[in-house]
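A short worksheet on the structure shown next.
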Amino acid sequence: MKPRHFLTLADLSPAELKGLLARAAELKARHKSGASDAPLRGKTMAMIFERSSTRTRVSFEAGMAQLGGASIFLSPRDTHLDRGEPVEDTARVMSRMVDVIVIRAGNHAMLERFAAHSRAPVINALTDRHHPCQLLADVQTWSERRGDIRGQTAAWIGDGNNVCHSWIQAALRFDFNLRIATPRGYEPDAELVRASEGRVTLTDDPAAAVAGADVVVTDTWASMGQEGEKAERLAAFRGFTVDGALMRRAGKDALFMHCLPAYRGHEVAAEVIDGPQSVVWDEAENRLHAQKALLEFLLLGKPK
Ligand code: CP
Ligand code: NVA
211 MKPRHFLTLA
221 DLSPAELKGL
231 LARAAELKAR
241 HKSGASDAPL
251 RGKTMAMIFE
261 RSSTRTRVSF
271 EAGMAQLGGA
281 SIFLSPRDTH
291 LDRGEPVEDT
301 ARVMSRMVDV
311 IVIRAGNHAM
321 LERFAAHSRA
331 PVINALTDRH
341 HPCQLLADVQ
351 TWSERRGDIR
361 GQTAAWIGDG
371 NNVCHSWIQA
381 ALRFDFNLRI
391 ATPRGYEPDA
401 ELVRASEGRV
411 TLTDDPAAAV
421 AGADVVVTDT
431 WASMGQEGEK
441 AERLAAFRGF
451 TVDGALMRRA
461 GKDALFMHCL
471 PAYRGHEVAA
481 EVIDGPQSVV
491 WDEAENRLHA
501 QKALLEFLLL
511 GKPK
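Counting with my numbering, you get residues 211 to 514 for the letters of the sequence shown.
Following this line, the structure appears as structure tokens:
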């Protein structure tokens, strides 16, 4: 039987995502109460990371330990992938040995090739195209603060990047409105916007995007792999900093979100990310709880 993978948010139905986030809330409460369960005892998770990570690596490893399982972290120098062993062969071999494989890849196509040849579930830990695990934590955080997010409005300000793409898929899956403001030439993928069935609108005016919004989100202007474009991007994104003046145009109690790492003074002002509307530390923490629910779902077929 083909395993379930989590390569984008489109891999889970709205009902499955809802159940998964309900389970994440339960796991969070149990963890805080000091309870310890080990439903994944005897299971092993391999992690292939082609790019740096603080949150994703630590949350997956800590989560797997809390669930009773083991993890193997592999940087490019630790496997033969870097020396030309085909992705397909690596997938066939590793998936006969471990129960789940978490991959952070520079190129989304590598993840898809790996998954196509893996007997074990594959989880996207960020590619150049998507970051679905981030959205599990972000939606969990938003729901914790604001209850049912159906019909609410988020504003994405900045680059139409991988995290933005996952926000677009989340808008369809969780049924909220998403206004995206980018400079011209930095828009998200048009096909994904079309697939959102009218929930996503594009503009190049940050003030128009945030007007009355319930959540304001941003991310770095130069993602991993775009380091060489940094100077050009800093110039192109001038006027797109989320600062106090922009936040005041959003709803009175609007939340500020950022997947982190953040660059204060560029995509966000310190007064906003370190201010009272910011929920960025909750987003980071919820990576742990949401991904524990995801591991359970893929390995044990939960949520119940
Ligand atoms: N938000 C996020 O994925 O952070 P890391 O790159 O530190 O994993
Ligand atoms: N868009 C950023 C997200 C980092 C978690 C990047 O790809 O570098």
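Each residue gets a CB set at the ideal place from its N, CA and C atoms; glycine is no exception.
So, are the CB atoms of residue i and residue j less than 8 Å apart?
i, j, result
"residue 452", "residue 490", "no"
"residue 214", "residue 398", "no"
"residue 250", "residue 277", "yes"
"residue 333", "residue 259", "no"
"residue 270", "residue 297", "no"
"residue 346", "residue 504", "yes"
"residue 284", "residue 319", "no"
"residue 425", "residue 457", "no"
"residue 359", "residue 373", "no"
"residue 423", "residue 364", "yes"
"residue 338", "residue 438", "no"
"residue 414", "residue 477", "no"
"residue 361", "residue 385", "yes"
"residue 427", "residue 377", "yes"
Using the Cβ count rule (16 or more neighbours within 10 Å means buried), how would you classify residue i?
i, result
"residue 368", "buried"
"residue 375", "buried"
"residue 510", "exposed"
"residue 268", "exposed"
"residue 407", "exposed"
"residue 307", "exposed"
"residue 419", "buried"
"residue 264", "exposed"
"residue 273", "buried"
"residue 400", "exposed"
"residue 211", "exposed"
"residue 370", "buried"
"residue 486", "exposed"
"residue 279", "buried"
"residue 502", "buried"
"residue 404", "exposed"
Is residue i near the ligand CP, going by C-beta to nearest heavy atom under 7 Å?
i, result
"residue 329", "no"
"residue 508", "no"
"residue 265", "yes"
"residue 344", "yes"
"residue 219", "no"
So is the beta-carbon of residue i under 7 Å away from any non-hydrogen atom of the ligand NVA?
i, result
"residue 469", "yes"
"residue 433", "yes"
"residue 414", "no"
"residue 385", "no"
"residue 351", "no"
"residue 336", "yes"
"residue 429", "yes"
Exercise for the section: Write down every uninterrupted run of the beta strand (DSSP E) in the stretch 253-288 whose length is 3 residues or greater and which is fully enclosed by it, in chain order. Expected result: With a minimum length of 3 residues, the continuous beta strand (DSSP E) runs that stay inside the stretch 253-288 are 254-259, 280-284.
Practice task
Identify every run of the beta strand (DSSP E) within the stretch 217-253, keeping only runs that are complete inside it and at least 3 residues long; order them along the chain.
Solution key: Within the stretch 217-253, no complete beta strand (DSSP E) segment of 3 residues or longer occurs.
Problem - Sequence ranges, alpha helix (DSSP H) only - wholly within the stretch 310-366, length at least 4 - result: Those alpha helix (DSSP H) runs which fall completely within the stretch 310-366 and span 4+ residues are 318-326, 342-356.
Handout entry: 4-residue-minimum alpha helix (DSSP H) runs that sit fully inside the stretch 422-508, ordered along the chain
Key = The qualifying runs are 440-446, 454-457, 480-483.
Handout entry: alpha helix (DSSP H) segments (min. 4 residues) lying fully within the stretch 388-426
Key = The stretch 388-426 contains these whole alpha helix (DSSP H) runs: 400-405, 416-420.
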